[in-house]
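The block underneath contains the structure these notes are about, expressed in structure tokens.
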Ligand code: F3S
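Residue numbers (our numbering): 7 to 300.
So, in structure tokens, the structure goes:
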């Protein structure tokens, strides 16, 4: 069995940067270090950072001092102010691409646009962007929801959660344009997601089985898995090598491997190594079966 890894897989720039910043913080700053929510959607990496000294909290009320790391998803200004008022040191690991989106939201709101965010309203990135638009943005997930937007005579400024699909964004813009309002479309989508999706899809179409590695809660990993399934290839979403089942690879000539943007290289390498071991195991079982049949 040949194991092929997608040409783009694993950590994106923003996640890598947030992890490096966290490691530097625990090394160089005195006192406790916290992240508000898991630093990334990958339990193995969160556990690793926990061992280094990054403690996860759910709200600012849980702490009185120390350093607060802002995740790559970013947060709204109210939370930053609250952390400053508590006297916490802040290490802002907001991905620069998310930061750009926040600035766009704030600028559109200041210029009296009705801000529309294309994305998932429950995602922390979207909630943070919402804060930069003074909480006055409307969040839509699809063109149907865009049809319900009331601009009340205002110009509309549309931006996207960085992990959105360009097709969905364009369809939302098209729907909003039909309302007769002036629409300014701000393309804030990050290419890391689409590059990983394109590479995963290309590979999935060439192999018999796909393994997608990443946190069960990672939306971008789940999306990769659903894209691979959509092209008809049997696909398994796992978090680590121990979940691989040799039965998945029996009779398989080529297996593909990809990973979400919050999956570190060391987990991808472990999975790849385990797939090769399974290949050897299945190969020797086949050999024994042949010998018995002879
Ligand atoms: Fe940033 Fe794009 Fe990753 S926005 S966090 S580099 S997916």
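Virtual Cβ for every residue (Gly too), placed ideally from N, Cα, C. Here the structure is a predicted model, which means the values were calculated and not measured.
Starting from the C-beta of residue i, find all residues in its chain whose C-beta is less than 6 Å away, skip the five residues before and the five after it, and write them out in chain order.
i           : result
residue 161 : 119, 188
residue 20  : 78, 101
residue 95  : 73
residue 181 : 149, 152, 153
residue 35  : 73
residue 121 : 111, 114, 115, 139, 143, 163
For residue i, report the span of its alpha helix (DSSP H) as first-last.
i           : result
residue 56  : 49 to 58
residue 103 : 102 to 116
residue 198 : 197 to 210
residue 182 : 172 to 183
residue 132 : 130 to 138
residue 147 : No alpha helix (DSSP H) contains residue 147, which DSSP labels as neither H nor E.
residue 88  : 83 to 91
residue 23  : 19 to 34
For residue i, list the residues DSSP reports as bridge partners.
i           : result
residue 243 : 218
residue 269 : In the DSSP output, where bridge partners are listed per residue, residue 269 has none listed.
residue 62  : 41
residue 163 : 121, 190
residue 261 : 9, 215
Along the chain, where does the beta strand (DSSP E) containing residue i start, and where does it finish?
i           : result
residue 224 : No beta strand (DSSP E) holds residue 224; DSSP gives it neither H nor E.
residue 95  : 95 to 98
residue 73  : 73 to 76
residue 10  : 8 to 11
Among the residues of its own chain, which have a CB less than 7 Å from the CB of residue i, if the five just before and after it don't count?
i           : result
residue 300 : Model confidence at residue 300 stands at a pLDDT of 47, short of 50, so the residue's coordinates are unreliable and nothing is read from them.
residue 134 : 79, 80, 81, 82, 108
residue 198 : 18, 19, 267
residue 213 : 10, 239, 260, 261, 262
residue 103 : 20, 168, 196
residue 127 : 145
Can you tell which of the options has its C-alpha closest to the C-alpha of residue i?
i           : options            : result
residue 68  : 232, 195, 40, 124  : 40
residue 301 : 173, 257, 99, 115  : Outside the modelled stretch of the chain, which goes from 7 to 300, sits residue 301, for which no answer is possible.
residue 37  : 200, 63, 70, 88    : 70
residue 302 : 243, 50, 181       : This structure cannot speak to residue 302, because the chain is shown only from 7 to 300.
residue 136 : 235, 271, 84, 7    : 84
residue 111 : 88, 90, 143, 195   : 143
residue 42  : 168, 8, 88         : 88
residue 158 : 131, 256, 32, 186  : 186
residue 273 : 104, 248, 258, 257 : 248
residue 217 : 106, 7, 231        : 231
residue 51  : 276, 280, 270      : 270
residue 256 : 219, 288, 275      : 288
residue 191 : 203, 201, 202, 166 : 166
Indicate whether at least one CB of chain D lies closer than 8 Å to the CB of residue i.
i           : result
residue 129 : In the structure shown, chain D cannot be found, because there is only a single protein chain.
Beta-carbon within less than 8 Å of residue i's beta-carbon, same chain only, minus the 5 sequence neighbours each way: which residues are those?
i          : result
residue 65 : 42
The stretch 17 to 34 touching the stretch 56 to 74, judged by at least three CB pairs closer than 8 Å = yes
Count the C-beta pairs between the stretch 262 to 282 and the stretch 223 to 239 that are closer than 8 Å, then say yes if the count reaches three, no if not.
-> yes
Specify whether the stretch 280 to 288 and the stretch 248 to 256 touch according to this definition: at least 3 beta carbon pairs, one from each stretch, less than 8 Å apart.
-> yes
Three or more C-beta pairs below 8 Å linking the stretch 39 to 54 and the stretch 7 to 14 | no
Decide if the stretch 144 to 155 is in contact with the stretch 168 to 183; the criterion is three or more beta carbon pairs, one per stretch, under 8 Å apart.
-> yes
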